[in-house]
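**Student:**
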Amino acid sequence: MPTALIAEDEPLLASGLRADVSTLWPGLQWLPSAGDGRGALDAALARRPDLCFLDIRMPGLSGLEVAQALAEDWPDDDTPFPLLVFVTAYDQYAVQAFDAQAVDYLVKPVQPQRLAACVTRLKARLAARPSIPPAAQAGLTQAVDQLRALLGAAAPAAAPRLQVLQAQVGAVVHMVPIEDVVYFEAADKYLRVVTAEREHLIRLSLRDLLPQLDPDVFWQVHRGTVVQARCIATAKREETGKVTLTLKGRADKIVASRLYAHLFKGL
Amino acid sequence: MADLPLPRTASPLPSIVVRAAINQFVCALVALLLWSISPHKGLPMMLGYSFIIGNCCWLFIDGSRALIGRWRWRRLGGIKEWPGMPWMAPVVVIGTALGYGVGSEIADALFVQQSPSLGSSTPALLISVIAASIFVYVYYARERLHAQRLAAEAAERQAAEMQLKLLQSQLEPHMLFNTLANLRVLIGVEPQRAQAMLDQLIAFLRTTLAATRVDHHPLRTEFDCVRDYLALMGVRMGPRLQVQLDLPADVRELPVPPMLLQPLVENAIKHGLEPLVAGGRIVVSAERRGDILRLAVRDDGVGLDATPTNGGTHFGLEQVQRRLVTLFGSAASLHVSAAPDGGTEAVLTLPLAASAS
């Protein structure tokens, strides 16, 4: 029996969608709805549903961020990656990107015909999903490719480039030239700024920082990690599809997720 | 001459070309006039003098106008082409005198065989001066009229744009479609509540649309609109949103410009409470302090630090700020600061005398 998860911060909309889909698909099993992005991610990773309906605008993580995290953290066993359906009230930009990538999506308020078509499609895709171990991973690869394109299309416009970061430690403000940064790592509400000599914590989200970085110089290799390309010494592809990076001037290793593994394809 | 076509925006030619052409036409007219008074001087000679003197005058007057206009525009703004009558009067007098003097010299040098100078003949001088004055007066009077019309059009366009932006920010599609989606669900499960929600939506839309057409409405109307909006958001956010509205009786009827409070409330929800998983509380209050009216919107949401600085998230606030300046100059203010217990507080102060007028 297939299972489904709804991530939606408005309780009425979550129960409405669940009722509408249930009518069209009586056999579907429902996990408890998640009211925020973080909860949705945890529930999906723990319960491994076959379908996820992800609202785009949610507190915590957006629907797209949940999808990205799912693709990066999805276990490497034979559990098939869930079929994703994005749900949005009004976002012309996102809808265009979904259309371009042939991603399933619903626009709120959801029209009955549109929902019926979506359910038919999901049923067909679910039935066609291979269950033999090596082929089961194909679903993940396909989802990763789609998401990569989707995230590329949804990237915010470039902002003026950042030259120097200011990191406060007590009463002292350290000025960190951007070219000295080996990598950035998201840590809850903070951002770890790691240079060859030391590291700082600054109050800035990676989401806000990214548009201010030159994408040719700083590569995002994980949803929470951005590394300066010239500081990467080696890249080793693991069997899981992830890539482990060693760095010049630092002993620690960082991991590039399967969403960004294509950056290190070698020659 | 009074009906010369005005070479401006509608003309496909650059305005300087049209001005030059009109000037040649006037010069030819002056020459014909002078020739009809004293035909013995010969038409070609008359035309030569007229064109040279006329163009010199034009060069001085139009050149000074352009220079002064641009200089003033750069310093003060306004209209680049027209520096204003107090500047133009001396420009016309000095420009004509200079143009006539220089033009006569050039013409004398070209037509050496002529003695005494044609330029010094009294009727010629007189007619030239009169022609130049009329030309300048008519042309620049029209120019000024045009400048005024442009300014009026710009002001009108700005007002219309403001109205449109206000309407757009109020009827934000994301809010509207999410509300409709909730309504659609409620109709099926709780028709009574659906009806109440629809009534709130109708009231909100009606107040919003009305607000873009009036200059003032009583503060209680603004609060009604805020209440309707928060009720709609309450259905959507459920227990994540708690609301408190404080409207003392002594300020209920004070006239205020519409839709100043509303964007602040929306801002608090969108950037303060919606990003929080647990939601939070919003307090909207009004208070009279001497001769100012103090409106405050406080939330215990994510706070200012967490608000992204890029992407025009403060569009609503900017809009309010701009309207305050337009309506009250420096007498009103908007301050957004971190609230003492976390979250954000936006405080709007309006001068009572002005808002009550």
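If you're matching them up, the sequences are chains A and B in order.
The opening residue of the first sequence carries number 2 in our numbering; numbering runs sequentially from there.
The opening residue of the second sequence carries number 214 in our numbering; numbering runs sequentially from there.
A virtual CB, placed ideally from N, CA and C, is assigned to each residue, including glycine.
This structure is a prediction, so every number in the text was calculated from the model and none was measured.
Quick check: what's the CA-CA separation for glycine 524 of chain B versus glutamate 403 of chain B?
**Tutor:** With a pLDDT of 39 at glycine 524 of chain B, under the threshold of 50, the modelled position of this residue cannot be trusted; read the value that follows with caution. So the alpha carbons of these two residues sit roughly 38 Å apart.
**Student:** Rounded to the nearest angstrom, how far is the Cβ of leucine 458 of chain B from that of valine 398 of chain B, given a contact under 8 Å?
**Tutor:** Not confirmed; about 27 Å, so no contact.
**Student:** How about alanine 5 of chain A and phenylalanine 82 of chain A: are their beta carbons less than 9 Å apart?
**Tutor:** no
**Student:** To which residues does DSSP link valine 96 of chain A through a beta bridge?
**Tutor:** According to DSSP, which records beta bridges pairwise, valine 96 of chain A is partnered with nothing at all.
**Student:** In terms of residues, what are the limits of the beta strand (DSSP E) holding glutamate 500 of chain B?
**Tutor:** 493–502
**Student:** Taking Cβ positions, are leucine 565 of chain B and isoleucine 482 of chain B nearer each other than 9 Å?
**Tutor:** no
**Student:** Counting only runs that start and end within the stretch 374–424 of chain B, where is the alpha helix (DSSP H) found for 4 or more residues in a row?
**Tutor:** 386–402 and 404–424
**Student:** For the stretch 377–405 of chain B, enumerate the residues whose C-beta is nearer than 7 Å to any C-beta of chain A, in chain order.
**Tutor:** Pro386, His387, Phe390, Asn391, Leu393, Ala394, Asn395, Arg397, Val398 and Leu399
**Student:** Counting beta carbon pairs with one atom in the stretch 105–124 of chain A and one in the stretch 71–80 of chain A, are three or more of them shorter than 8 Å?
**Tutor:** no
**Student:** In chain B, what lies closer than 8 Å to tyrosine 191 of chain A by C-beta?
**Tutor:** For a Cβ distance threshold of 8 Å, nothing in chain B lies close to tyrosine 191 of chain A: the least Cβ distance comes to about 11 Å.
**Student:** From the DSSP secondary-structure annotation, give me the bridge partner or partners of phenylalanine 541 of chain B.
**Tutor:** The partner list for phenylalanine 541 of chain B (beta bridge, DSSP) is empty, contrary to what the question assumes.
**Student:** Measure the C-alpha to C-alpha separation of proline 521 of chain B and proline 27 of chain A and round it to an integer number of angstroms.
**Tutor:** The predicted model places proline 521 of chain B with a pLDDT of 49, which falls under 50 and marks its position as unreliable, so this point remains unresolved.
**Student:** Compute the distance between the beta-carbons of leucine 163 of chain A and leucine 202 of chain A, then report whether it is under 9 Å.
**Tutor:** Cβ distance not < 9 Å, so leucine 163 of chain A and leucine 202 of chain A don't count as in contact.
**Student:** How about leucine 489 of chain B: is its C-beta nearer than 9 Å to some C-beta of chain A?
**Tutor:** The beta carbon of leucine 489 of chain B sits closer than 9 Å to some beta carbon of chain A.
**Student:** Tell me which residues share the same chain as lysine 175 of chain A and place their Cβ nearer than 7 Å to its Cβ, disregarding the 5 neighbours each side in the sequence.
**Tutor:** Checking the sequence, you will find histidine at residue 175 of chain A rather than lysine. If we look at histidine 175 of chain A and ignore the five residues flanking it on each side, its Cβ neighbours are Ala168 and His201.
**Student:** When the Cα atoms are used, what is the spatial distance from phenylalanine 265 of chain A to valine 104 of chain A?
**Tutor:** Straight-line Cα distance between these residues: approximately 26 Å.
**Student:** Which residues in the same chain have their Cβ closer than 7 Å to the Cβ of lysine 243 of chain A, if we skip the five residues on either side of it in sequence?
**Tutor:** Correct list, in chain order: Val256, Ala257, Ser258, Arg259 and Ala262.
**Student:** Helix, strand or coil, according to DSSP, for glutamine 1 of chain A in the structure here?
**Tutor:** A question about residue 1 of chain A goes unanswered here, because the residues of chain A that appear run from 2 up to 268.
**Student:** Pull out every residue of the stretch 445–457 of chain B whose Cβ sits closer than 9 Å to any Cβ of chain A, in chain order.
**Tutor:** Val448, Arg449, Met450, Gly451, Pro452 and Arg453
**Student:** Is it buried or exposed for glutamate 73 of chain A, if we count other Cβ within 10 angstroms and need 16 for buried?
**Tutor:** buried
**Student:** Check whether the stretch 124–132 of chain A touches the stretch 179–195 of chain A, taking contact to mean three or more Cβ pairs, one atom from each stretch, closer than 8 Å.
**Tutor:** no
**Student:** Might you give, ordered along the chain, the residues of its own chain that have their beta carbon closer than 8 Å to the beta carbon of alanine 230 of chain A, omitting 5 neighbours on each side?
**Tutor:** Asp217, Val218, Phe219 and Trp220
**Student:** Just the Cα atoms here: how many angstroms apart are histidine 359 of chain B and isoleucine 179 of chain A?
**Tutor:** Approximately 53 Å, taken between the alpha carbons.
**Student:** Quick check: is the beta carbon of glycine 17 of chain A nearer than 9 Å to any beta carbon in chain B?
**Tutor:** yes
**Student:** Helix, strand or coil, according to DSSP, for tryptophan 26 of chain A in the structure here?
**Tutor:** coil
**Student:** Checking the sheet assignment: what are the DSSP bridge partners for methionine 176 of chain A?
**Tutor:** A:Gln167
**Student:** What's the gap between the Cα of valine 533 of chain B and the Cα of proline 476 of chain B?
**Tutor:** In this structure, the straight-line span from the alpha carbon of valine 533 of chain B to that of proline 476 of chain B is close to 7 Å.
**Student:** Does tryptophan 284 of chain B come out as helix, strand or coil in the three-state DSSP assignment?
**Tutor:** Helix, per DSSP.
**Student:** Quick check on the DSSP output: the beta strand (DSSP E) that includes leucine 508 of chain B runs from which residue to which?
**Tutor:** It spans 505–512 - the beta strand (DSSP E) in which leucine 508 of chain B sits, taken as one unbroken run.
**Student:** Going by the DSSP bridge assignment, what does leucine 84 of chain A pair with across the sheet?
**Tutor:** A:Leu52
**Student:** Quick check: what's the CA-CA separation for alanine 559 of chain B versus valine 515 of chain B?
**Tutor:** Distance from the CA atom of alanine 559 of chain B to the CA atom of valine 515 of chain B, rounded to whole angstroms, is 14 Å.
**Student:** Here's a check: name, in chain order, each residue in its chain whose Cβ is nearer than 8 Å to the Cβ of alanine 244 of chain B, leaving out the five neighbours to either side.
**Tutor:** Once the five neighbours on either side are set aside, the close Cβ partners of alanine 244 of chain B are Leu256, Met259, Leu260, Tyr262, Ser263 and Phe264.
**Student:** Using a Cβ-Cβ cut-off of 9 Å, state whether glycine 61 of chain A counts as contacting chain B.
**Tutor:** yes
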